[in-house]
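K.L.:
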Amino acid sequence: MEAASADLVWKSIDRYSKDYIELQTKDKVKIYKTPDSVLQKELDIFDKVMEEYSAKNPLFKEVIESQRKYAERTVKWKLDTVVGARMAYNHYFGKKAAPKKAAPAKAAPAKAEPAKAEPKKK
0 MEAASADLVW KSIDRYSKDY IELQTKDKVK IYKTPDSVLQ KELDIFDKVM
50 EEYSAKNPLF KEVIESQRKY AERTVKWKLD TVVGARMAYN HYFGKKAAPK
100 KAAPAKAAPA KAEPAKAEPK KK
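Per numbering that gives the first Met the number 0, the very first residue in the sequence shown carries number 0; after that it's consecutive.
1) Return the first residue and the last residue of the alpha helix (DSSP H) that M86 is part of.
2) How far does the alpha helix (DSSP H) with I12 in it extend, from its first residue to its last?
3) For the alpha helix (DSSP H) that contains P57, what are its first and last residues?
4) So, helix, strand or coil for V48, using DSSP?
5) Considering only the alpha carbon of each residue, which of L42, D43 and I63 lies closest to Y52?
6) For I30, I'd like the list of residues in its chain whose CB is within less than 7 angstroms of its CB, leaving aside the five on either flank, ordered along the chain.
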């Protein structure tokens, strides 16, 4: 069972990543990250909905409390133990800094010309 689950995970990652590229290249779909401000607003609204439904329905409240306990434990573990991939991705595949331009060749210092003798005053 575990081997089948692992097989499903890597196959789905392979498939989704290929589909993601095709959506962007062939289908010209633009993918945008949802801004954090929008995500935070969704959480704030869900908190209100959750509070309202929990007050009306004891089963809803029980399920939500169970899910929150599970999420608190499992997400904390994930945040503490799973290393993000962004740094390594950027290191190997991110845009490379443009090569530094060679400093312009310094002009040879002007040769000092011998001082011209001022004409003697008569």
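Glycine included, every Cβ here is placed at the ideal spot set by N, Cα and C.
P.N.:
With the structure as the only source:
1) R85 to F92
2) If you look at I12, you'll find it in the alpha helix (DSSP H) that goes E1 to T24.
3) P57 to T80
4) helix
5) I63
6) Q23
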